[in-house]
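2 protein chains.
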Amino acid sequence: MVHAGDPRRVARALARLDAVHIAGYLDNFEPHEQDLVFQALPAERRPHVLAAMRYEVAADLIGRRAPEEAAGLLGDLQEDDAADILGRVDEARLREILAHYDVEDAHALEELMAYGERTAGGIMSPDVFSIHHDVTIAEATRMVQTADDLPQHVHYLYVVDEHDRLVGVIGLRQLVRSKPDMPIHAVMTTELVSVTAETDQEKVAELASRYDLVGIPVVDDQRRLLGVVTIDDILDVVREEATEDILKMAGAGQMLVETRNFSASFRARMPWLLAAAAGGLLVAASLQGFEGALQAVPALALFMPVVAGMGGNVGTQSSTIVVRGLAVGYVETNRLGRLVLREVALGASLGALYGVGIAVAAPFLGATSSDPVHLGAVITLGMMGSMMIAAAVGTSVPLLMNRLNIDPAVATGPFVTTSVDILGLLFYFWLATVLLGISG
Amino acid sequence: MVHAGDPRRVARALARLDAVHIAGYLDNFEPHEQDLVFQALPAERRPHVLAAMRYEVAADLIGRRAPEEAAGLLGDLQEDDAADILGRVDEARLREILAHYDVEDAHALEELMAYGERTAGGIMSPDVFSIHHDVTIAEATRMVQTADDLPQHVHYLYVVDEHDRLVGVIGLRQLVRSKPDMPIHAVMTTELVSVTAETDQEKVAELASRYDLVGIPVVDDQRRLLGVVTIDDILDVVREEATEDILKMAGAGQMLVETRNFSASFRARMPWLLAAAAGGLLVAASLQGFEGALQAVPALALFMPVVAGMGGNVGTQSSTIVVRGLAVGYVETNRLGRLVLREVALGASLGALYGVGIAVAAPFLGATSSDPVHLGAVITLGMMGSMMIAAAVGTSVPLLMNRLNIDPAVATGPFVTTSVDILGLLFYFWLATVLLGISG
Chain A
-4 MVHAGDPRRV ARALARLDAV HIAGYLDNFE PHEQDLVFQA LPAERRPHVL
46 AAMRYEVAAD LIGRRAPEEA AGLLGDLQED DAADILGRVD EARLREILAH
96 YDVEDAHALE ELMAYGERTA GGIMSPDVFS IHHDVTIAEA TRMVQTADDL
146 PQHVHYLYVV DEHDRLVGVI GLRQLVRSKP DMPIHAVMTT ELVSVTAETD
196 QEKVAELASR YDLVGIPVVD DQRRLLGVVT IDDILDVVRE EATEDILKMA
246 GAGQMLVETR NFSASFRARM PWLLAAAAGG LLVAASLQGF EGALQAVPAL
296 ALFMPVVAGM GGNVGTQSST IVVRGLAVGY VETNRLGRLV LREVALGASL
346 GALYGVGIAV AAPFLGATSS DPVHLGAVIT LGMMGSMMIA AAVGTSVPLL
396 MNRLNIDPAV ATGPFVTTSV DILGLLFYFW LATVLLGISG
Chain B
-4 MVHAGDPRRV ARALARLDAV HIAGYLDNFE PHEQDLVFQA LPAERRPHVL
46 AAMRYEVAAD LIGRRAPEEA AGLLGDLQED DAADILGRVD EARLREILAH
96 YDVEDAHALE ELMAYGERTA GGIMSPDVFS IHHDVTIAEA TRMVQTADDL
146 PQHVHYLYVV DEHDRLVGVI GLRQLVRSKP DMPIHAVMTT ELVSVTAETD
196 QEKVAELASR YDLVGIPVVD DQRRLLGVVT IDDILDVVRE EATEDILKMA
246 GAGQMLVETR NFSASFRARM PWLLAAAAGG LLVAASLQGF EGALQAVPAL
296 ALFMPVVAGM GGNVGTQSST IVVRGLAVGY VETNRLGRLV LREVALGASL
346 GALYGVGIAV AAPFLGATSS DPVHLGAVIT LGMMGSMMIA AAVGTSVPLL
396 MNRLNIDPAV ATGPFVTTSV DILGLLFYFW LATVLLGISG
């Protein structure tokens, strides 16, 4: 329908869809299709659709509108959403758009954009409803009733003292159920979880999840209220961080880049292959001494892929379990030695099981050797060794990275498989020279 | 401290920690340590700690208490949490515990446990506050004020008609701000998102995230209200599903099993290695025809790991991007062919880049060959081929699985690396026989 480009049919179709669905389509459309659909939307629906789109795509779309129109559209969004989109618009365009804001609003937006993208400040909404601790329940209720700038997702009221410092919180439900003449400070909860603007967004999500909160207040070093991180943003963070960890572990970049953009994909993925390529060269160099053995028993080469592959698989299992376990707090970081030993024992058992199976099957597949028993032993012990090395590397590398405060998810996958290729195959060939009595 | 086993010191330490922290420690303790700490807790704190623990660990702990005490502890939890824990207690123990409930409560719990674990029914709370649509705002407010069984996390009131059918929703904030004499049906929101008890939990999480909701009502086929899924459970679902996807992709099981339990780990990981082992045997069998080539040019074996490894890495990148993209809705499933072509082109470009690099470096590493130029060509083209195959397999396998309604995350990793090992290395050796003029 969009391809046909009939604006009236597009408009009729849009009237039947909600903003979230339209945004979902726009996220996957080509730029000219996005513009056509956006144009066909009634003006009052545009901000809703924009707010529901992915920030990167919304920023591109906004960048293609006239600066004045862009400023108008963004002005109808919540401030934190507007800042998230504007933060992804290029610098020159950003200046042009901000020029259409009044000075104070532009300043507020710039302040929001100044916070680190992955911090509480970067995801918080500065619209937060706070009340003085001496106010009564009846007065507070009246304020909620008459406020015309009440933020969209209010579930808690934050209570501040005369220095604007956060001293407590009261839920709407508590407000409704308390006696009208009580002062707020007598009914509010004073044990509350708060974060600073610099707190990592992952930490904020963890707190919300552990304490079952739908909003977490953000305070400065004087405990003055700066804003609130709401649960809808926290949900996005949890998804985003999971995606990031998955991609990093696979060495596939840090975020899902536009799948349409070839050169962006190329740039995101190229560097991660460097480890594997350098590792591959190292493997070739280190196995070189065994050319003689290969010439004597070429069947050795046939089992290189399974020795390296099984090791790589076990290493990936170990490192994945450790990396994800660290992310969700399942790993006892104080018991490193025990964990590594346990994984190595697992690698040895799994290696023995599969190694014997493959060694027994080998002759039937026609792997020729003058000495099938010793070749079988080389395969079995080689697989066990490779899988033990893999388990040790896969477990200890992310644990050590975590201790050194390096993100354990970064390229764990390629690193583990490459080091297993080198160490596992070296061990395999060393075994071959010893057990088959051939010189390297 | 727990090791020393001094109950008084443990009790003093516990007094300084909140329930969530204590639960976090308990999750990682040995059973006898858990019992010791739990015993040292004041009785009124025990349900809070229990509710914050991981369900599996809480179920084990509950299973070790006397049935009567267990029933008492669980009676203080929210019904959905109690059902989640009880659902993990073994059958005989469960009967003993339920015998201490009154018949009606036991029945309600059993009903909750009967819903699929990963469905809206399985994660919903049956405690939901609903009001009749003819009630006025003032009356509804009074009901909220006086209800003594108000669920813990009430942010919305659900509105039902005379047949108990869900017809609308009103937020507490809207309730506070509306005129007292208005009937609820005049101010409620009638466009509301609801799910059925059978809806997959992943779908529920997606809806909450897209529509920024802190609760989603669950209805039966008559639209009668069964319960509500609250945001805290949704947050847990998002984390759990991400963990599951990560582990499945790596072939490391479906959930993070107790890292202390050796045999559970062995059982969870063994089957996933079967694909790699079977694949390894297939590789050995299919490369067998090239033993002659290996004897003539043993240097070919040195570059097998890098050809297979680079392919495996690219394949993992492609499949990870597609699997995660499908999970978060970034992938245009209607453009399968284009996506595969693009990934194959990426594989070819990356393969050309790294292939030339490795071929040029090969002679310096001392890879001896009577024909270094042709060996270089075999390495470069072999890597390009292997990486193109990997990109094609890595992209199309999860996309096809998705079309066939099979979870694309299941063992994509091992499957992709194994098929790349086979196809990539076959291509590499075929190239060698052609370009180096040796017979296979």
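Top to bottom, those sequences are chains A and B. All the letters of the first sequence, read from the start, carry residue numbers -4 to 435 under the working numbering. All the letters of the second sequence, read from the start, carry residue numbers -4 to 435 under the working numbering. Ideal placement from N, C-alpha and C gives every residue a C-beta, glycine not left out. In this text the structure is predicted, and so the values were computed from the model without any measurement.
Let me confirm a value: residue i is counted as buried when at least 16 other C-beta atoms fall within 10 Å, else exposed. Which label applies?
| i | result |
| --- | --- |
| A:ARG49 | buried |
| B:ASN256 | exposed |
| A:MET396 | buried |
| B:LEU297 | buried |
| A:ASP143 | exposed |
| A:PRO2 | exposed |
| B:THR116 | Looking at the sequence provided, one finds Gly at residue 116 of chain B rather than Thr. With 16 or more Cβ atoms within 10 Å of its Cβ, B:GLY116 is classed as buried. |
| A:GLN217 | exposed |
| A:GLY377 | buried |
| A:ALA109 | exposed |
| B:PRO26 | exposed |
| B:GLU112 | exposed |
| B:ALA10 | exposed |
| B:ASN23 | buried |
| A:GLY320 | buried |
| B:LEU399 | exposed |
Distance check for residue j and residue i, CA to CA, integer angstroms please.
| i | j | result |
| --- | --- | --- |
| B:GLY58 | B:ALA65 | 8 Å |
| B:ARG390 | B:SER381 | The sequence given here places Thr at residue 390 of chain B; Arg does not occur at that position. Spanning the two alpha carbons is a distance of roughly 14 Å. |
| A:PRO293 | A:LEU394 | 39 Å |
| A:PRO367 | B:LEU334 | 46 Å |
| B:GLN290 | B:THR428 | 12 Å |
| B:LEU31 | B:ALA14 | 16 Å |
| A:THR141 | B:SER173 | 10 Å |
| A:ALA357 | B:ALA279 | 8 Å |
| A:VAL339 | A:LEU345 | 10 Å |
| B:LEU436 | A:TYR349 | There is no way to answer for residue 436 of chain B, as the model of chain B reaches only from -4 to 435. |
| A:ALA440 | A:ASP76 | Residue 440 of chain A lies beyond the range of chain A shown here (-4 to 435); nothing can be said about it. |
| B:ARG40 | A:ALA53 | 48 Å |
| B:THR413 | B:ALA271 | 6 Å |
| B:PHE246 | B:VAL405 | With the sequence shown as reference, residue 246 of chain B is identified as Gly, and Phe is not the correct amino acid for it. Spanning the two alpha carbons is a distance of roughly 7 Å. |
| B:ALA259 | A:GLU235 | 30 Å |
| B:SER281 | A:PHE359 | 13 Å |
| A:VAL436 | A:GLY371 | Lying outside -4 to 435, the shown extent of chain A, residue 436 of chain A is not represented and no answer is given. |
Can the beta-carbon of residue i be found less than 8 Å from the beta-carbon of residue j?
| i | j | result |
| --- | --- | --- |
| B:GLY408 | B:MET305 | no |
| A:LEU21 | A:GLN29 | yes |
| B:VAL224 | B:MET379 | no |
| B:VAL475 | B:LEU145 | Lying before the first or after the last residue shown, residue 475 of chain B is absent from chain B, which here runs from -4 to 435. |
| A:THR114 | A:GLU193 | yes |
| A:VAL213 | A:GLY222 | yes |
| A:VAL415 | A:ILE384 | yes |
| A:ASP195 | A:VAL318 | no |
| B:ASP156 | B:HIS128 | yes |
| B:ARG88 | B:GLU51 | no |
| B:VAL171 | A:THR184 | no |
| A:PHE422 | A:ALA288 | no |
| A:PRO42 | A:ASP71 | yes |
| B:ILE17 | B:VAL44 | yes |
| A:ILE417 | A:GLY284 | no |
| B:VAL233 | A:VAL411 | no |
| A:ALA46 | A:GLU74 | no |
| B:SER436 | B:TYR153 | Limits of chain B in this structure are -4 at one end and 435 at the other, which puts residue 436 of chain B out of reach. |
Hey, residue i and residue j are a contact pair by Cβ (cut 8 Å); roughly how many whole angstroms apart?
| i | j | result |
| --- | --- | --- |
| B:HIS150 | B:GLY166 | 6 Å |
| B:LEU430 | B:HIS369 | 5 Å |
| A:PRO175 | A:ALA237 | About 45 Å separates the two Cβ atoms, so there is no contact after all. |
| B:VAL301 | A:LEU276 | 7 Å |
| A:ILE470 | A:PRO121 | Coverage of chain A is limited to positions -4 through 435, which leaves residue 470 of chain A absent and any answer about it impossible. |
| A:ALA352 | A:ALA386 | Note on residue identity: the sequence assigns Gly, not Ala, to residue 352 of chain A. Not really, about 19 Å apart at Cβ, beyond 8 Å. |
| B:LEU36 | B:ALA78 | Contact flag wrong, Cβ pair sits at about 23 Å. |
The ligand NAD heavy atoms versus the CB of residue i: any closer than 7 Å?
| i | result |
| --- | --- |
| B:LEU145 | In the structure on display, the ligand NAD does not appear, and there are no ligands present to speak of. |
Cβ contact check for the stretch 214 to 229 of chain A and the stretch 300 to 317 of chain B: 3 or more pairs under 8 Å: no
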